[in-house]
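J.: Take this structure, written in structure tokens, and hold onto it; I'll ask about it next.
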Amino acid sequence: MMIDPSVALACRLLGALVFGTALAGKIAHRHELAGVVANYRLMPQAVAAAAAWTVVVLEAVVVLTLAAGAYCREGALLAIALLGAFALAMGINLARGRREIDCGCFQSGLRQRLSPALIGRNLALCAALLPLLAATAVPADALQWVDGVGGGLAAYALYRTFDQLLALRHGTAELRKRFA
Amino acid sequence: MLLVSQVMLWVALIALAVAVLALARQVGVLHERIAPVGALALGRGPQTGEAAPRLTVSTLAGGTVEIGGPLPGGVLRLLFFVSPTCPICKSLLPTVKAFAQSERLDLLLVGDGDLDQQRRMAERHGLALERFANAPEAGRAFQVAKLPYAVLVNDLGVIAAQGLVNSREHLESLVSAHEMGLRSVQEYLTRRASSSG
Chain F
123 MMIDPSVALA
133 CRLLGALVFG
143 TALAGKIAHR
153 HELAGVVANY
163 RLMPQAVAAA
173 AAWTVVVLEA
183 VVVLTLAAGA
193 YCREGALLAI
203 ALLGAFALAM
213 GINLARGRRE
223 IDCGCFQSGL
233 RQRLSPALIG
243 RNLALCAALL
253 PLLAATAVPA
263 DALQWVDGVG
273 GGLAAYALYR
283 TFDQLLALRH
293 GTAELRKRFA
Chain G
196 MLLVSQVMLW
206 VALIALAVAV
216 LALARQVGVL
226 HERIAPVGAL
236 ALGRGPQTGE
246 AAPRLTVSTL
256 AGGTVEIGGP
266 LPGGVLRLLF
276 FVSPTCPICK
286 SLLPTVKAFA
296 QSERLDLLLV
306 GDGDLDQQRR
316 MAERHGLALE
326 RFANAPEAGR
336 AFQVAKLPYA
346 VLVNDLGVIA
356 AQGLVNSREH
366 LESLVSAHEM
376 GLRSVQEYLT
386 RRASSSG
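Protein sequences appear in the order of chains F and G.
Going by this note's numbering, the first residue of the first sequence is number 123, and it counts up by one from there.
Going by this note's numbering, the first residue of the second sequence is number 196, and it counts up by one from there.
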């Protein structure tokens, strides 16, 4: 299947930016990383630190492949697998009733509790990366570059806004309770 | 021509999206500013003004220590509930130590978790092992649901103030609440609202 080069560019840019900021956040909060992973209670404590750093390395691979455009399909596949695994980990903890733990997304300054909306967000990101799995080797012309970069940047800004509003939702509910 | 108009459209759209994001972040900053400036009482377990549950628990040093019950006159005891797997507890420990020292509080850390990890945590933060109890039963007796949680017990063995703490400000609120005779930050807010309204 052929996809328009502008769509591929936009998807690549969105994926690289989303994983890039998550990666930067994880490195900035590296001391909390193992604790956050351990809090999911999906593995023995001893392997939590190793698992956390494996995620960091895999995310770096995603950023590099999507940004460079080489092995793009493999990078997108890895990104989708990671997002799916995170969604599954969140789903398991939601089912256990542990919604108060931090999601460890490191996307905004606010601590984010687990919620079904976060799983939805991950699945939407997976869907946004799907076009990259379709082969495309058509070089982009100037107009397609403009559309691709513009679309990618706009999608990323909207994604961050959605994420921020999601993180604020809990705070708003708390405030409503306090001033009720 | 088409290229120029397309560039202009994208620039306008991205600028708008960034503006909306900036607004959402501002709301986030406001939320942080108006977050409770005192320890949040959770309203479960033994309440402020009631006697603290009396328990004898073992410390990391191997001895035992009594939680609850009368203390020497004028002594205030700060029970600080922690866990080695709670990142905020770890970042708050140096503050708690300094705070207990400056306020002359008898600090007793109460942990729940793996013994070795707790010992490592105590060593890393320079905490005396005899002032660190491994007592999941104390957490259950006080019905601590969220960490880090602090309970201030007076010399009569009565809970003077308690709540969820995330900062030095929250810890100070416990001592202020005790000095002002208030039970929690919620009571302070209600009293302030009714006096101004």
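Ideal placement from N, C-alpha and C gives every residue a C-beta, glycine not left out.
The structure presented is a predicted model; accordingly, all values stated were derived computationally and were not measured.
How is the beta strand (DSSP E) around G:Q357 delimited, first residue to last?
T.: 354-359
J.: Which stretch, first to last residue, makes up the alpha helix (DSSP H) that contains F:G242?
T.: 238-251
J.: Listed in chain order, which residues of the segment 248-270 of chain F have Cβ atoms closer than 8 angstroms to some Cβ of chain G?
T.: A264, L265, V268, D269
J.: So, is the C-beta of G:L204 closer than 9 angstroms to a C-beta in chain F?
T.: yes
J.: With a Cβ-Cβ cutoff of 9 angstroms, do F:R220 and F:L236 count as a contact?
T.: yes
J.: Tell me G:Y344's beta-bridge partners as DSSP assigns them.
T.: G:F276, G:L359
J.: By Cβ distance, which residues of its chain are closer than 6 angstroms to G:R314, with the 5 residues on each side in sequence left out?
T.: The beta carbon of G:R314 sits closer than 6 angstroms to those of L255, all from its chain and outside the five residues before and after it, given in chain order.
J.: Opposite G:R246 in the DSSP bridges: which residues?
T.: In the sequence as presented, Arg is not what sits at residue 246 of chain G; that position holds Ala. DSSP lists G:V353 as partners of G:A246.
J.: Looking at C-alpha atoms only, which residue of F:A171, F:G274, F:E296, F:G147 is the closest neighbour of F:L251?
T.: F:G274
J.: Using a beta-carbon distance below 9 angstroms, is G:A356 in contact with chain F?
T.: no
J.: Using the Cβ count rule (16 or more neighbours within 10 Å means buried), how would you classify G:A217?
T.: Exposure of G:A217 is indicated by the presence of fewer than 16 other C-beta atoms within 10 angstroms of its C-beta.
J.: For G:G308, which residues from the same chain have a beta carbon less than 7 angstroms from its beta carbon, with the 5 sequence-adjacent residues on both sides left out?
T.: S278, P279, T280
J.: So for F:F307, helix, strand or coil by DSSP?
T.: Examination of residue 307 of chain F is not possible in this model, given that chain F is present from 123 through 302 alone.
J.: Along chain F, which residues have their Cβ under 9 angstroms away from the Cβ of G:Q201?
T.: Within chain F, the residues near G:Q201 are L265, V268, D269, G272.
J.: Would you list, in sequence order, the uninterrupted alpha helix (DSSP H) runs of no fewer than 4 residues that lie entirely inside the segment 260-331 of chain G?
T.: List check, alpha helix (DSSP H) in window: 282-297, 310-319.
J.: Report buried or exposed for F:I149, applying the criterion of at least 16 other Cβ atoms within 10 angstroms of its Cβ.
T.: With fewer than 16 other Cβ atoms inside 10 Å of its own Cβ, F:I149 counts as exposed.
J.: Run through chain G and tell me which residues come within less than 9 angstroms of F:V158, C-beta to C-beta.
T.: Near F:V158 (Cβ distances below 9 angstroms), the residues of chain G are P282.
J.: Using the Cβ count rule (16 or more neighbours within 10 Å means buried), how would you classify F:G197?
T.: buried
J.: Under a three-way DSSP split, which group does F:D263 fall into?
T.: coil
J.: Please return the same chain residues whose Cβ sits closer than 6 angstroms to the Cβ of F:R134, not counting the five positions on each side in sequence.
T.: For F:R134, where only same-chain residues beyond five positions count, the Cβ hits under 6 angstroms are L188.
J.: So G:P282 and G:G263 are in contact, right, with Cβ under 8 angstroms, and what is the actual spacing, rounded?
T.: With 8 angstroms as the limit, G:P282 and G:G263 do not qualify as a contact, their Cβ atoms being about 29 angstroms apart.
J.: Measuring alpha carbon to alpha carbon, tell me which of G:S362, G:S371, G:K341 ends up nearest F:D224.
T.: G:K341
J.: Just how far apart, CA to CA, sit G:V222 and G:L250?
T.: Using only the alpha carbons, I get a separation of about 45 angstroms.
J.: What residues of chain F sit near G:I209, judged by a beta carbon separation below 8 angstroms?
T.: G272, L275, A276, A279
J.: Taking a cut of 8 angstroms between CB atoms, which residues from the segment 285-296 of chain F lie near chain G?
T.: Q286, L287, A289, L290, G293, T294
J.: Going along chain G, which residues have a C-beta under 9 angstroms from F:N161?
T.: Result: T280, C281, P282.
J.: I need the DSSP call for F:R163, collapsed to helix, strand or coil.
T.: Look at F:R163 here: in three-state DSSP terms it is coil, with no helix or strand label.
J.: Identify each residue in the segment 294-308 of chain G for which the Cβ-Cβ distance to at least one residue of chain F is less than 8 angstroms, and report them in chain order.
T.: Identification of residues in the segment 294-308 of chain G having a C-beta nearer than 8 angstroms to some C-beta of chain F yields an empty set.
J.: Tell me, please, which residues DSSP counts as bridged to F:D224.
T.: DSSP links F:D224 through a beta bridge to F:R235.
J.: Give the residues of chain G in contact with F:T143, contact being defined as C-beta atoms less than 7 angstroms apart.
T.: Going along chain G, no residue has its Cβ under 7 angstroms from F:T143, so there is no contact; the nearest lies around 12 angstroms.
J.: At a CB-CB cut-off below 7 angstroms, which residues of chain F make contact with G:R220?
T.: Q286
J.: Please confirm whether G:A372 has its beta-carbon closer than 9 angstroms to some beta-carbon of chain F.
T.: no
J.: Just mark G:L225 as buried or exposed, buried being the case when its beta carbon has 16 or more other beta carbons within 10 Å.
T.: Exposed, since its Cβ has fewer than 16 Cβ neighbours within 10 Å.
J.: From the DSSP output, in three-state form, read off G:V339 for me.
T.: coil
J.: Near G:L287, what residues of its chain come up, given a Cβ to Cβ distance below 8 angstroms and the 5 sequence neighbours on each side ignored?
T.: P343, V360, N361, S362
J.: I'd like to know whether the C-beta of F:Q234 is nearer than 9 angstroms to at least one C-beta of chain G.
T.: no
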